[in-house]
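K.L.:
Protein chains: 2
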Amino acid sequence: MSSIHTKIQLMSNHQIAMGPGKACLLEAIQLKGSISAAAASMGMSYKRAWDLVNIMNNSFNAPLVSTLIGGSKGGGAQVTAFGLQVLTQYREVELKANAVIKDEISALQAMLAND
Amino acid sequence: MSSIHTKIQLMSNHQIAMGPGKACLLEAIQLKGSISAAAASMGMSYKRAWDLVNIMNNSFNAPLVSTLIGGSKGGGAQVTAFGLQVLTQYREVELKANAVIKDEISALQAMLAND
DNA sequence: TCACGCTATATATTAAAAAATATAGCGTGA
DNA sequence: TCACGCTATATTTTTTAATATATAGCGTGA
Chain P
4 MSSIHTKIQL MSNHQIAMGP GKACLLEAIQ LKGSISAAAA SMGMSYKRAW
54 DLVNIMNNSF NAPLVSTLIG GSKGGGAQVT AFGLQVLTQY REVELKANAV
104 IKDEISALQA MLAND
Chain S
4 MSSIHTKIQL MSNHQIAMGP GKACLLEAIQ LKGSISAAAA SMGMSYKRAW
54 DLVNIMNNSF NAPLVSTLIG GSKGGGAQVT AFGLQVLTQY REVELKANAV
104 IKDEISALQA MLAND
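Protein chains in written order, with the working numbering: chain P, 4 to 118; chain S, 4 to 118.
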């Protein structure tokens, strides 16, 4: 059995400014309220998650994620209004693109080996 | 300065069945008539090019590239009719997708840091 | 028949990416 | 004031990807 799916990445300066992984991470941060909890929920190391957040924050002209150090819960992170705007825009890109190439993808799917 | 572009990959069995790199390689093979010449023209090792061809041939239910061993020119490779069909379909997917998300991409472009 | 240039494949080396580990710093609340 | 949990960062280790190198085999044409 072989499934097929498209993967849309926004490249900037030889780095992935936004892609499926970073979009998921943003959603996990929204849900969990911290980078470390988001990373854990995705089975990802904190360092990697932090690096991805760092790339996002540096790729765009404003942070997508804001962080807080210290406090009752030790700190935390949240997706900024700007981050949500980027995330929404990205998900819309995915939806629109996938919708318009649906037929061609089906045709390619039929050409794939089924093992 | 930062440019932005989308990258559409067709995943199958945790491998990239078709993407920008493999599409370029197919076009280079079409042009050069061999895997080794195509690889050289792309600054890629023969082994890597052969591996990519192998992945393509195994991902789909028929070879995209056919090869010839021996002969006057030592052998060679060419994109099959099926391979051309897949390539054409992929390029069409890219064109249609990029066309429909043009506005959203411009919006995201404007959000990118300009360094 | 033999040199040529390509495919095909194996192995070893190098480079890059990811994960693991460690540590410092912060601010709240007990 | 001190433990807690998170951010931030550095360093090391492990894993993965890519390159380099080597070798066998093939069929044509000189």
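Every residue, glycine too, gets a C-beta built ideally from N, C-alpha and C. From a predicted model like this one, the values you see are computed outputs, not experimental measurements.
Taking only beta-carbon atoms, is residue 58 of chain S less than 9 Å away from chain P?
P.N.:
no
K.L.:
In the DSSP assignment, what are the bridge partners of residue 63 of chain S?
P.N.:
P:115
K.L.:
Thinking residue 82 of chain P and residue 90 of chain P are a contact (beta carbons under 8 Å), I'd like their distance in whole angstroms, please.
P.N.:
Taking C-beta atoms under 8 Å as the contact rule, residue 82 of chain P and residue 90 of chain P qualify, at a distance of about 7 Å.
K.L.:
Report the three-state DSSP secondary structure of residue 23 of chain S (helix, strand or coil).
P.N.:
helix
K.L.:
Report the rounded CA-to-CA distance for residue 57 of chain P versus residue 78 of chain S, giving the unit in angstroms.
P.N.:
49 Å
K.L.:
Tell whether a beta-carbon distance below 9 Å holds between residue 100 of chain S and residue 41 of chain S.
P.N.:
no
K.L.:
Pull up the distance between the alpha-carbon of residue 66 of chain P and that of residue 35 of chain P, whole angstroms please.
P.N.:
18 Å
K.L.:
Checking contacts by CB at 9 Å: is residue 107 of chain S closer than that to chain P?
P.N.:
yes
K.L.:
Return the chain-ordered list of same chain residues with a C-beta closer than 6 Å to the C-beta of residue 33 of chain P, the five sequence neighbours on each side being excluded.
P.N.:
82
K.L.:
Do you know how far the Cα of residue 73 of chain P is from the Cα of residue 114 of chain P?
P.N.:
54 Å
K.L.:
Is the separation between the beta-carbon of residue 104 of chain P and that of residue 96 of chain S shorter than 9 Å?
P.N.:
yes
K.L.:
Specify, as a first and last residue, the run of the alpha helix (DSSP H) that residue 86 of chain S falls within.
P.N.:
84 to 103
K.L.:
Is residue 18 of chain S near residue 62 of chain S, with beta carbons less than 9 Å apart?
P.N.:
yes
K.L.:
May I ask which residues mark the beginning and end of the beta strand (DSSP E) holding residue 15 of chain P?
P.N.:
Element bounds for residue 15 of chain P: 8 to 15.
K.L.:
Going by beta carbon distance, what residues of the same chain come within less than 7 Å of residue 44 of chain S, once the five residues before and after it are set aside?
P.N.:
Cβ within range, chain order: 31 and 35.
K.L.:
Should residue 86 of chain S go down as buried or exposed, given a rule of 16 or more other Cβ atoms within 10 Å for buried?
P.N.:
Burial call: buried.
K.L.:
By how many angstroms is the C-alpha of residue 76 of chain S removed from the C-alpha of residue 108 of chain S?
P.N.:
Here the alpha carbon of residue 108 of chain S sits roughly 46 Å from the alpha carbon of residue 76 of chain S.
K.L.:
Could you tell me whether the Cβ of residue 99 of chain P comes closer than 9 Å to any Cβ of chain S?
P.N.:
With 9 Å as the cut-off, residue 99 of chain P counts as an interface residue toward chain S.
K.L.:
Pick from P:68, P:24, P:60 and P:116: whose alpha carbon is nearest that of residue 47 of chain P?
P.N.:
P:24
K.L.:
Per DSSP, residue 69 of chain P forms a beta bridge with which residues?
P.N.:
Note: residue 69 of chain P sits in a beta bridge opposite P:81.
K.L.:
Based on Cα-Cα distance, which residue from S:27, S:28 and S:93 lies nearest to residue 14 of chain S?
P.N.:
Nearest C-alpha to residue 14 of chain S: S:93.
K.L.:
Which of the residues in the region 70 to 90 of chain S, read from start to end, lie with their CB under 7 Å from any CB of chain P?
P.N.:
So the list reads 89, given in the order they occur along the chain.
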